[in-house]
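Heads up, the sequence shown is in the UniProt record's numbering, so the first residue is 1 and it goes up one at a time.
For every residue, glycine included, the Cβ atom is placed at its ideal position computed from N, Cα and C.
A short worksheet on the structure shown next.
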Amino acid sequence: MAVNRSFEDLVAEGAAVPTEGWDFSWFEGRATEERPSWGYAAKAGERLGGAEAALDIQTGGGEVLDFALTRAEPARPVLVAATEGWAPNAAEATARLRPRGVVVVAAPDDAPLPFADEAFDLVLSRHPVRPYWTEIARVLCPGGTYFAQHVGPTSVFELVEHFLGPLPAEVRAGRDPEGEGADAEAAGLEIVALRAERLRMEFHDIAAVVHFLRKVVWMVPGFTVEAYEPQLRALHERIEREGPFVAHSTRHLFDARKLSVP
């Protein structure tokens, strides 16, 4: 955590940190986030250990899949593929995962998955922007599993609303786990388990806030330091005066199975 550093210095630091991939180690000592109790990455490794063909949707820089594959060894699937929609992340994921025999496909998040019907018996995803349920069901073989950790409703909205102001009720209701579960069932998936948790986050300086909003771009769409300088300065002064800014993330864990053909 930085001490006795100016607003300008901290903002410049947060604006200069590279944002590619999903490595959050830079935040150590500057921000914290409580982790869900279920341990998604380790559990994904267990699922990989029992699969024959697996797909990781919106893999980011491939960090979570890389860890899960390590946990699955030596009983990993014969075929492992991943998709990613942001070019810098796709390049990073390819560099990380290709040596492990994983095929990384650059594919838009909202486009049909570029794979044949019933190609996989396991589909994974950590924090998909929006689950494309009909496509997930299409690429799963009957009896196959979708195992994923989703971002839940009003996640980090204490921070988001500091910059955007109060959000409409329909926005606050988005990403509802029960609603997503209903959509999954409508696409032909059976919900085996669905768990949700609300988790504490702390931002210890404004550099961490700047880097977070640059990295998790959907939180404050179009965020730039210049556009939100007044809100950043006000938050910096609040942290200096009161201590860490507290927000809460929400996560839910999906364990779903594609219904077998009667």
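Here H252 is bridged, per DSSP, to H150 and A196. Two segments are said to touch when three or more pairs of C-beta atoms, one from each, lie closer than 8 Å; by this definition the region 226-240 does not touch the region 114-127. Exclusion of the five residues before and after P142 leaves E118, K258, L259, S260 and V261 as the residues of its chain whose Cβ lies within less than 8 Å of its Cβ.
Residue state for E202 is assigned as strand, using DSSP reduced to three classes. By the 16-neighbour rule on beta-carbons within 10 angstroms, T154 is buried. In the DSSP assignment, L232 forms no beta bridge with any residue. S249 counts as buried, since no fewer than 16 other beta carbons sit within 10 angstroms of its beta carbon. DSSP, reduced to helix, strand and coil, places F223 outside both helices and strands of the structure shown, so it counts as coil. Exposed is the label assigned to A111, since fewer than 16 other Cβ atoms lie within 10 Å of its Cβ.
For P88, the secondary structure class from DSSP, reduced to helix, strand or coil, is helix. For D66, the enclosing alpha helix (DSSP H) begins and ends at E63 to A72.
At a cut-off of 3 residues, the continuous stretches assigned as beta strand (DSSP E) that sit fully inside the region 107-181 are 120-126 and 140-151. For L48, there is no enclosing beta strand (DSSP E); the enclosing alpha helix (DSSP H) has its first and last residue at Y40 to G49.
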